[in-house]
Ligand code: SIN
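This is the structure:
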């Protein structure tokens with residue numbers, strides 16, 4: 641197995657591994673690379689839906705996404721699909737999956753199934769690099785703070801997606817979500833400090849109104865969005881990306897209007913987060 645960086649602060653490409661067979665020490669090495677670098681890209685994968693599920697089960701538990709369409713045959717697999725006639729995509733803004741859950745998902749395994757002729761890349765940003773880059777006074781200011789995360793303004797029947805041509809494809813419009821997490825967490829395995837707020841789902845600092853929380857959240861988001869913390873996954877048939885939601889944010893580019901894109905995502909269970 642070879643592990644090479646995708647960018648100086650974020651992401652790796654792993655070669656010499658077929659995920660359909662990965663287990664034991666190989667799986668452990670893949671796991672540790674993702675915990676440390678936020679995301680791993682593996683190209684040339686031959687992974688049927690059944691092998692996708694079996695690999696996720698070898699990794700650990702599977703969280704079923706409450707909003708994305710599921711395939712009838714494989715309810716473990718969420719379909720991230722944009723048809724050629726749709727304008728809106730799923731995940732087209734910086735976010736961390738499931739941060740609105742009190743026990744947020746560890747990460748995801750995303751398999752490319754249908755790709756546009758060009759575009760449709762996914763950007764990732766490393767939240768350890770983002771935390772390290774904060775000035776000392778800002779690090780001190782967020783120490784001990786918690787933030788509130790929800791998905792209601794995105795997925796509810798009066799939320800962002802409902803106003804778009806993606807709204808009819810999503811489920812869970814009647815759900816209510818909410819969770820609090822430390823603004824800076826410690827990675828449960830590596831111990832690295834990570835910024836754990838994101839522009840999609842983090843709406844306020846605990847004990848502050850949404851309006852009063854904005855200046856601090858905006859400073860943190862601006863620091864995290866520095867391209868120096870980012871890497872970019874350009875998909876090809878056979879590409880699979882696996883990411884850690886604690887270590888990274890991601891952003892699905894929506895630059896392929898008039899073309900279809902379909903990805904299969906399995907969300908991996910995580911654990912409660914602490915500072
Ligand atoms: C997601 O946000 O999970 C989807 C990412 C992608 O489609 O590239």
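Residue numbers (my numbering): 641 to 915. Ideal Cβ positions, reconstructed from N, Cα and C, are used throughout, including at glycine. Given the structure is predicted, the values throughout are model-derived calculations rather than measurements.
Inter-residue Cα distance where the pair is residue 642 and residue 910: Within the chain shown, numbered from 1, the residue matching residue 642 stands at position 2. Within the chain shown, numbered from 1, the residue matching residue 910 stands at position 270. So the alpha carbons of these two residues sit roughly 26 Å apart.
Beta-carbon gap between residue 748 and residue 737 smaller than 8 Å: As a position in the chain shown, residue 748 is number 108, starting the count at 1. As a position in the chain shown, residue 737 is number 97, starting the count at 1. One thing to note: residue 748 has its Cβ within 8 Å of the Cβ of residue 737.
Residue 900 beta carbon near the ligand SIN (any heavy atom closer than 7 Å): Counting from one through the chain shown, the residue named residue 900 turns up at place 260. For the ligand SIN, not one heavy atom lies less than 7 Å from the Cβ of residue 900.
Cross-strand partners of residue 681 (DSSP beta bridge): For the purposes of this step, residue 681 is identified with residue 41 of the chain shown, where counting begins at 1. According to DSSP, residue 681 bridges with 653, 881.
DSSP state of residue 849 mapped onto helix, strand, coil: On the chain shown, position 209 is the one that residue 849 refers to. It is coil, neither helix nor strand.
Backbone secondary structure at residue 733 - three-state DSSP: To locate residue 733, count along the chain shown from 1; it is residue 93. Shown here, residue 733 sits in coil according to DSSP, grouped into three states, outside any helix or strand.
Contacts around residue 787, its chain only, beta-carbon distance under 6 Å, and the 5 residues preceding and following it disregarded: Mapped onto the chain shown, residue 787 falls at position 147. These residues qualify, in order along the chain: 823, 837, 842, 845.
Neighbourhood of residue 912 by C-beta, 6 Å cutoff - its chain only, sequence neighbours within 5 removed: Translated into the one-based positions of the chain shown, residue 912 becomes position 272. Cβ neighbours of residue 912 beyond the five flanking positions: 743.
Cut-off 7 Å between Cβ atoms - residues of its own chain near residue 733, not counting five sequence neighbours on either side: Locating residue 733 in the chain shown gives position 93, counting from the first residue. Taking residue 733 as the centre and dropping the five residues before and after it, the same chain places the C-beta of 839, 840, 891 closer than 7 Å to its C-beta, in chain order.
Cross-strand partners of residue 746 (DSSP beta bridge): For the purposes of this step, residue 746 is taken as the residue at position 106 of the chain shown. According to DSSP, which records beta bridges pairwise, residue 746 is partnered with nothing at all.
Check: residue 905 C-beta below 7 Å from any heavy atom of the ligand SIN: Here the question's residue 905 lines up with position 265 in the chain shown. Yes, the beta carbon of residue 905 sits closer than 7 Å to at least one heavy atom of the ligand SIN.
Reference residue 754; option with closest CA among 877, 774, 898: Within the chain shown, numbered from 1, the residue matching residue 754 stands at position 114. For the residues 877, 774, 898, the minimum Cα distance to residue 754 belongs to 877.
Unbroken beta strand (DSSP E) run spanning residue 899, endpoints: Mapped onto the chain shown, residue 899 falls at position 259. Judged by DSSP secondary structure, residue 899 falls outside any beta strand (DSSP E); it is assigned neither H nor E.
Secondary structure of residue 811, DSSP reduced to three states: As a working note, residue 811 is residue 171 in the chain shown. If DSSP states are grouped into helix, strand and coil, residue 811 belongs with coil.
Closer than 7 Å: residue 739 CB and nearest the ligand SIN heavy atom: Here the question's residue 739 lines up with position 99 in the chain shown. Incorrect: residue 739 has no Cβ contact closer than 7 Å to the ligand SIN.
Contact the stretch 781-800 vs the stretch 708-715: 3+ CB pairs below 8 Å: Result no; under three Cβ-Cβ pairs closer than 8 Å.
Cβ pair residue 770, residue 835 closer than 8 Å: For the purposes of this step, residue 770 is identified with residue 130 of the chain shown, where counting begins at 1. For the purposes of this step, residue 835 is identified with residue 195 of the chain shown, where counting begins at 1. In this structure, residue 770 lies near residue 835, with their beta-carbon atoms less than 8 Å apart.
Residue 750: CB within 7 Å of a non-hydrogen atom of the ligand SIN: Against the chain shown, residue 750 aligns to sequence position 110. Yes - the ligand SIN has a heavy atom lying nearer than 7 Å to the Cβ of residue 750.
Nearest candidate by alpha-carbon position, reference residue 778, set 872, 662, 861: Sequence index remark: in the chain shown, residue 778 carries index 138 (1-based). Looking at 872, 662, 861, the one whose alpha-carbon comes closest to that of residue 778 is 861.
Under the three-state DSSP convention, the category residue 830 falls into: Looking up residue 830 in the chain shown gives position 190. Of the three classes helix, strand and coil, the one that applies to residue 830 here is coil, per DSSP.
Counted within 10 angstroms of its Cβ, other Cβ atoms place residue 698 as buried (16 or more) or exposed: Counting from 1 along the chain shown, the entry for residue 698 is found at position 58. Exposed: under 16 other Cβ atoms inside 10 Å.
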